[in-house]
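*Asks:* Chains as they are written, first to last, in this note's numbering: chain A, 165 to 280; chain B, 463 to 574.
1) Under 8 Å, do residue 538/B and residue 484/B count as touching if we go by C-beta distance?
2) Is there a C-beta anywhere in chain B that falls below 8 Å from the one on residue 233/A?
3) Residue 207/A touches chain B at which residues, Cβ-Cβ below 7 Å?
4) Assuming residue 241/A contacts residue 258/A under a Cβ cut-off of 8 Å, what Cβ separation, rounded to an integer in Å, is found between them?
5) If I follow the unbroken beta strand (DSSP E) through residue 475/B, where does it start and stop?
6) Which of the three DSSP states, helix, strand or coil, is assigned to residue 493/B?
7) Could you check whether the Cβ of residue 532/B sits closer than 8 Å to any Cβ belonging to chain A?
8) DSSP three-state label for residue 548/B, please.
9) Can you look up residue 488/B in the DSSP assignment and give me helix, strand or coil?
10) Taking C-alpha atoms, which residue in 542/B, 570/B, 521/B, 535/B lies nearest to residue 551/B?
11) When the Cα of residue 555/B is compared with those of 189/A, 209/A, 205/A, which residue comes out closest?
12) What separation, rounded to the nearest whole angstrom, lies between the Cα atoms of residue 239/A and residue 547/B?
13) Could you tell me whether the region 170-188 of chain A touches the region 512-528 of chain B, using the rule of 3 or more Cβ pairs below 8 Å?
14) Exposed or buried, what is residue 268/A when buried is set at 16 or more other beta-carbons lying within 10 Å of its beta-carbon?
15) Does DSSP put residue 252/A in a helix, a strand or coil?
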């Protein structure tokens, strides 16, 4: 089955630093990737939709300059948390859309970000 | 706007018994899909079942089945013969206009 690789799985950083999270579709091309944020015992909150070759579409309330998304190829999207602060600590999950509308999403295994 | 509501934060079921998780949704899309995803303690999202809204027939996957009531915008998940491995968070989701929106989740506990 289709696999989405997300790295790193866990990162601890100091406040003020930037952290990059990678999401790769390993055996299919993903025109669209989604980035979600999940707080403990809560649901997945859609942050942005990443489209290959174009600017990401951010959900209301998500800071574009704080969460930089780049979808440079059909198999790679990155989320950079810039100038991270403790309130950015969360579980971030990416998912890839294989391009057939309504088909299931393929999820990465998530990244736990802890900002000290 | 697209919304998904799960009104049961937590449910418990005895092993081998049947449990039903509720989900209601709202969408302005005429063409949409509905999903149930499972998130075990590993936090890896796993697709349980998928329903195409234009199909009247309820989807089934082994012990998992749905009750899709389109007019009522209801999409419940029935788990039969519950197993210890079914214990997880279950999220209902809908897709429309290339957005996948998730409900708040239901934590399912399976009692031995």
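From the three backbone atoms N, C-alpha and C, an ideal C-beta is built for every residue, glycine too. Quick caveat: nothing in here was measured; it's all calculated off a predicted structure.
*Replies:* For this structure:
1) Translated into the one-based positions of the second chain, residue 538/B becomes position 76. Translated into the one-based positions of the second chain, residue 484/B becomes position 22. Contact flag set, yes.
2) On the first chain, residue 233/A is found 69 positions in, with the first residue counted as 1. Not closer than 8 Å to any Cβ of chain B, the Cβ of residue 233/A fails to qualify, so no.
3) On the first chain, position 43 is the one that residue 207/A refers to. Within 7 Å Cβ-Cβ: 553, 564, 565, 566, 567.
4) Counting from 1 along the first chain, the entry for residue 241/A is found at position 77. Counting from 1 along the first chain, the entry for residue 258/A is found at position 94. The Cβ separation is near 7 Å, so the contact holds.
5) Position 13 of the second chain, counted from the start, is the residue given in the question as residue 475/B. Element bounds for residue 475/B: 472-476.
6) Locating residue 493/B in the second chain gives position 31, where the first residue counts as 1. Coil.
7) For the purposes of this step, residue 532/B is taken as residue 70 along the second chain, with counting starting at 1. False, the Cβ-Cβ gap to chain A never drops below 8 Å.
8) Within the second chain, residue 548/B is the residue found at index 86, counting from 1. Helix, per DSSP.
9) Within the second chain, the letter at position 26 stands for residue 488/B. Strand, per DSSP.
10) By one-based count along the second chain, residue 551/B stands at place 89. Ranking the options by Cα distance to residue 551/B, first place goes to 570/B.
11) Counted from its first residue, the second chain places residue 555/B at position 93. Residue 555/B has its Cα closest to that of 209/A, out of 189/A, 209/A, 205/A.
12) Here residue 239/A is taken as the residue at index 75 of the first chain, counted from 1. Here residue 547/B is taken as the residue at index 85 of the second chain, counted from 1. Approximately 32 Å, taken between the alpha carbons.
13) no
14) Within the first chain, residue 268/A is the residue found at index 104, counting from 1. When all chains shown are included, residue 268/A counts as buried.
15) Indexing the first chain from 1 puts residue 252/A at position 88. If DSSP states are grouped into helix, strand and coil, residue 252/A belongs with the helices.
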